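Right, one structure below, let's go through it.
Protein chains: 2
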Amino acid sequence: MSETFWAVVPAGGAGTRLWPLSRKGSPKFLHDLTGSGRTLIQATLDRLEPLAGERFLVVTGQAHRDAVAEQLPGLDPARIVAEPSPRDSMAAIGLAAALLERQDPTAVMGSFAADHVVTDPDTFRGVVGLAADVARDGLLVTLGIEPTHAATGFGYIRLGGPLAGHEGAFMVEEFVEKPAAALAEEYVASGSYRWNAGMFVARPSVLLDLLAAQDPDFAAALRGIAADPDTLDEVWPSLPKIAIDHAVAEPAAAAGRVAVVPGSFGWDDIGDFASLAALVPATDGLAVLGDASLVRAVDSTGFVAANGGRVVAVVGLDDIVVVDTGDAVLVTTRARAQDVKQVVAELGESRPELT
Amino acid sequence: MSETFWAVVPAGGAGTRLWPLSRKGSPKFLHDLTGSGRTLIQATLDRLEPLAGERFLVVTGQAHRDAVAEQLPGLDPARIVAEPSPRDSMAAIGLAAALLERQDPTAVMGSFAADHVVTDPDTFRGVVGLAADVARDGLLVTLGIEPTHAATGFGYIRLGGPLAGHEGAFMVEEFVEKPAAALAEEYVASGSYRWNAGMFVARPSVLLDLLAAQDPDFAAALRGIAADPDTLDEVWPSLPKIAIDHAVAEPAAAAGRVAVVPGSFGWDDIGDFASLAALVPATDGLAVLGDASLVRAVDSTGFVAANGGRVVAVVGLDDIVVVDTGDAVLVTTRARAQDVKQVVAELGESRPELT
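Put into structure tokens, the structure is as follows:
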């Protein structure tokens, strides 16, 4: 692994799908959601440290800067970049790229969300290392997760031909949107598709030049902020709100500039309580997060988070989801876990302090 | 209605089947479980006051005496009889009978548990009035509830022939235990059975003499306490622990000494959360007790008690039961509501302060 690998960690997210565990003021990356003893952002940095050493840039909202600094005492606070407001992933990752472009002309950067889970970090690092090697050749490189099921909640990457000189890497034929169930089945059965986990590796200037090819003003604005950080607050609100996938990855793939390194390392983005339940150790089918000594279960399977300090008793329920916190209790099922956002939307109107 | 009708109100119960709403230290009669604005014991006295005026005896545990007095500010505290320990219904009701036998030789007493619900109090009072008329003739009289379904959770009363001189009253052929489902169906289909709600009306001396016919020492001990109340603490622990049904009602029925007045007045003993759910007003199939402004429901039916001051969100669940309190949360279904007692039994070992 080259000494110039930098890990960029965007730490954002609305925190609505894991409510009431995560909140606007306390998004999921600040929580230990798997009972590992480390919060998701801590685990993200732990996982990348063998590659990046101290070369991190964490991009987060101003509201979360202090909490991030507190959770990462080993990180130089100057490595925490605070966004004045959320402007989606292109602005966040692009700003990091612009800063690194000036700071370290030899840098290869990889961007990894602060709120994902990887259960096999060794394999993960191997894949990232290969992606960094490819990125040095001037390509944008993405990681393609081997699908474990026909997920409809992720976008997919269609593999092209193998990449000469980099065994295990392929060109990207195209990125495709989240598919309907039947199409997802086809994708997985074909063997030619991987999940798009939104992890990109590139030389900073390559990333910014690819952006400039689509939106020169956007790239120039990011480079301008990096040249004069005092302009951040003024320029930031004018930046487009767009995901890096749409701004760069899709057009670059169409132009033959994107490679993919497929891998299988137990990745999950914990998109809802059904995903989370699968990541938490279970006894007799019941996964328990928080203080397990508070949980009393009779003939029940599913997921219980006991984070409210109170006893949580569950009797005769299958695939139940119960989340107890100090000011709110959620009861749903694995199958309906996505619909928690309806509750959060309503509370945003009636009790915004709880969201 | 004669001016000598006395209402005896046994206020006891273990409080395990409605945990965590009710507790050992705060049994269900102390709670407003139907959202009526009155606790069950308050509603019980409200319902009987047109018949009994101020002639009440409330028999409760010493631990609950202060709470009962506080909830019934209009009741002369001397009318609250505190049992030194729980010794089942024969001791509690028999002590009241012995006290009344000395206090008012013209008394007819009716015994009505403090934790039952009656939704049609006018009809209830009419039935009790008729029972009191019959009781003056020297019979033990019970109220027989018209079954609304083939319940397996109640004992039944088999009607005998009509009672001459008291239209609407019948002799009791026999009391039968809680039946299995098929037998309950037969009972209800026959038209000859009524639910035994444990409500008895009799002249105190008749009740005590019927007891004496079975257990002369027991009756003598109760009359001895009434003659010298200072002996209560000493004598009480030696009294048999037996239900009034077994001690008196069943043998008296076999001896042709028990009448029944059938009636239909919306009676329920709130034996579990399934019963309670049916008594609480529902919107779109979801019954809410406590602070309804805390409840957020999406596609859900069943019962939610929001007694913990926190938001309770329920998403995509049918016939769910969620009970939120300050120190415990219960999640179950209407069908499994009876199994809450398993949790309470376990907590009795591990966290007795919560039971």
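First to last, the protein sequences are chains A and B.
Going by UniProt numbering, the letters in the first sequence line up with residues 1 to 355, in that order.
Going by UniProt numbering, the letters in the second sequence line up with residues 1 to 355, in that order.
We treat Cβ as the ideally placed atom computed from N, Cα and C, and that holds for glycine.
As the structure is a computational prediction, the values presented were derived from the model and not from experiment.
- Of the residues B/Gly126, B/Gly13, B/Pro204 and B/Leu139, the one whose Cα lies closest to the Cα of phenylalanine 265 of chain B is B/Gly126.
- The DSSP-derived three-state label of threonine 283 of chain A is strand.
- Under the 8 Å Cβ criterion, the segment 32-48 of chain A counts as touching the segment 105-118 of chain A, having at least three qualifying pairs.
- Cβ atoms of valine 298 of chain B and glycine 285 of chain B stay farther apart than 8 Å, at about 13 Å.
- By the criterion of a C-beta distance shorter than 7 Å, alanine 69 of chain A is surrounded in its chain by Pro77 and Ile80, once the five residues flanking it on both sides are discounted.
- In the three-state DSSP reduction, aspartate 66 of chain A falls in the helix class (H, G or I).
- Within the DSSP secondary-structure output, aspartate 268 of chain A pairs in a beta bridge with A/Val117.
- The DSSP-derived three-state label of glutamate 167 of chain B is coil.
- When the Cα atoms are used, glycine 144 of chain A and valine 128 of chain A turn out to be separated by approximately 11 Å.
- Checking the DSSP bridge columns, you'll see asparagine 196 of chain A partnered with A/Gly144.
- For isoleucine 320 of chain B, the three-state secondary structure derived from DSSP is strand.
- When secondary structure is reduced to three states using DSSP, proline 73 of chain A falls in the coil class, being assigned neither helix nor strand.
- When C-alpha distances from arginine 194 of chain B are compared across B/Arg203, B/Asp318 and B/His149, the shortest belongs to B/His149.
- Against chain A, the beta carbon of aspartate 245 of chain B has no neighbour under 9 Å; the closest one sits roughly 30 Å away.
- When DSSP reads this structure, proline 10 of chain A sits in a beta bridge with A/Val59.
- Listed in chain order, the non-local C-beta contacts of alanine 212 of chain A below 6 Å within the same chain comprise Ala219, local neighbours out to five positions each way being set aside.
- Within a 10 Å sphere around the beta-carbon of serine 275 of chain A sit 16 or more other beta-carbons, which makes this residue buried.
- Threonine 301 of chain B and valine 323 of chain B have their alpha carbons spaced roughly 14 Å apart.
- With the criterion set as a beta carbon lying under 7 Å from some beta carbon of chain A, the members of the segment 313-330 of chain B are Ala313, Val314, Val315, Gly316, Leu317, Ile320, Val322, Asp324, Asp327, Ala328, Val329 and Leu330, in sequence order.
- For the segment 13-25 of chain B, the set of residues with a beta-carbon nearer than 7 Å to any beta-carbon of chain A is empty.
- The beta carbon of glutamine 338 of chain B sits no closer than 7 Å to any beta carbon of chain A.
- Closer than 7 Å to the CB of leucine 354 of chain B there is at least one CB belonging to chain A.
- In the displayed model, threonine 333 of chain B falls within a strand according to three-state DSSP.
- Between arginine 310 of chain B and chain A, the shortest Cβ-Cβ separation is below 7 Å.
- Against chain A, the beta carbon of glutamate 346 of chain B has neighbours under 8 Å at Arg296, listed in chain order.
- Proximity to leucine 99 of chain A across A/Leu222, A/Asn196, A/Val288 and A/Ser350 peaks at A/Leu222, based on C-alpha coordinates.
- By the Cβ-count criterion, alanine 182 of chain A is exposed, with fewer than 16 other Cβ atoms from all chains shown falling within 10 Å of its own Cβ.
- Residue pairing by DSSP puts leucine 159 of chain A in a beta bridge opposite A/Val172.
- Its chain contains Gln62, Leu232, Asp233, Trp236 and Pro237 as the residues whose beta carbon lies nearer than 8 Å to that of proline 84 of chain B, once the 5 sequence neighbours on both sides are disregarded; these appear in chain order.
- For glycine 15 of chain A, the secondary structure class from DSSP, reduced to helix, strand or coil, is coil.
- The beta carbons of threonine 355 of chain A and valine 344 of chain A sit about 5 Å from each other, so the pair counts as a contact at 8 Å.
- Of the residues A/Ala164, A/Asp230 and A/Ala169, the one whose Cα lies closest to the Cα of valine 201 of chain A is A/Ala169.
- When the alpha-carbon of isoleucine 244 of chain A is set against those of A/Tyr187, A/Ser293 and A/Leu95, the nearest one is in A/Leu95.
- In the displayed model, phenylalanine 5 of chain B falls within a strand according to three-state DSSP.
- Comparing alpha-carbon positions, the option among B/Pro262, B/Gly191, B/Leu330 and B/Arg296 lying closest to valine 340 of chain A turns out to be B/Arg296.
- Residues of the segment 208-228 of chain B whose Cβ lies closer than 8 Å to any Cβ of chain A: none.
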